[in-house]
Structure formats: structure tokens, C-alpha cells
Amino acid sequence: MSLDLDSLNDKSLEDLFQKAYKMVSETTYVFKQDTLLLFYSYYKQATLENHTIRITNVPVSGDELVNAFKANALFQVRHLNRKEAKKHYILLASEYLDFV
Numbered sequence: 001m002s003l004d005l006d007s008l009n010d011k012s013l014e015d016l017f018q019k020a021y022k023m024v025s026e027t028t029y030v031f032k033q034d035t036l037l038l039f040y041s042y043y044k045q046a047t048l049e050n051h052t053i054r055i056t057n058v059p060v061s062g063d064e065l066v067n068a069f070k071a072n073a074l075f076q077v078r079h080l081n082r083k084e085a086k087k088h089y090i091l092l093a094s095e096y097l098d099f100v
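Each residue of the sequence shown is one higher than the one before, counting from 1 in UniProt numbering.
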């Protein structure tokens, strides 16, 4: 499937992003952990500005380890602006779900 996301205006891109988010959130499809981390990082990058990523200690518990993986995922997409992150999220969703 080829999506021409660059031709969309900001409102159309936002609408498609929200539709993709809703589909990903409501699906019964079981995503791999690395795919979930990508969805997480693209969503956070698309919806929040100026992330501050700090890991102050070595993870020892399960929650700290999950937080470290999330921080790493955010670190890897920090170069994307909000619009680019929305496009990446939509494209990733379209790989797994038939929503477009």
C-alpha cells in the first residue's frame, strides 16, 4: 500500500493520525514488543514537545527496565518533528492494520 502523506494538509494528516491511533488502540492484534515501542515513541514524538529523557540509575526492577526501553525508543526518534512522527505512526499502523 502506498500512502501519499506528503500531499495531506495538516488537518487531514491529524485526522488520519487520530484514526490510526484509534485503530491501533482498539485492535485485538498482538504486536511484537519492538513494534509497540515504535508506536509509543512515534505517538509521544507526534503529540508532545521537548522530551526530557533521563535515566538516573541502572534498571533493576521490571518497571525501571520498561522505562529504560521507552526512553531508548524516544531517544531514537528525537530527530523527527511532530509531522514526521505522525507520518511514521500512520505508515507503521498501515503495515499491520487495514485502515486506509
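Built from N, CA and C at the ideal position, the CB exists for glycine as well. Computed from a predicted structure; not experimentally measured.
Are the CB atoms of Leu37 and Ala73 nearer to each other than 8 Å? Counting from one through the sequence shown, the residue named residue 37 turns up at place 37. Counting from one through the sequence shown, the residue named residue 73 turns up at place 73. Yes, Cβ-Cβ distance for Leu37 and Ala73 is below 8 Å.
How many whole angstroms separate the CB atoms of Leu3 and Leu80, which I take to be in contact at a CB cut-off of 8 Å? Residue 3 sits at position 3 when you count from the first residue of the sequence shown. Residue 80 sits at position 80 when you count from the first residue of the sequence shown. Not really, about 17 Å apart at Cβ, beyond 8 Å.
The alpha helix (DSSP H) enclosing Val77, as first and last residue numbers: Sequence index remark: in the sequence shown, residue 77 carries index 77 (1-based). Unbroken run through Val77: none, as it is neither H nor E.
Taking the CB atoms as reference points, tell me whether Ala46 and Ala85 lie closer together than 8 Å. Locating residue 46 in the sequence shown gives position 46, where the first residue counts as 1. Locating residue 85 in the sequence shown gives position 85, where the first residue counts as 1. Yes, these two residues count as a Cβ contact at 8 Å.
Is the Cβ-Cβ distance between Tyr43 and Tyr21 less than 8 Å? In the sequence shown, the residue the question calls residue 43 occupies position 43. In the sequence shown, the residue the question calls residue 21 occupies position 21. Yes. Within cutoff.
What's the C-alpha gap between Glu95 and Glu26? Counted from its first residue, the sequence shown places residue 95 at position 95. Counted from its first residue, the sequence shown places residue 26 at position 26. Spanning the two alpha carbons is a distance of roughly 16 Å.
Buried versus exposed call for Lys11 [16 or more other C-beta atoms within 10 Å across all chains shown]: Translated into the one-based positions of the sequence shown, residue 11 becomes position 11. It counts as exposed.
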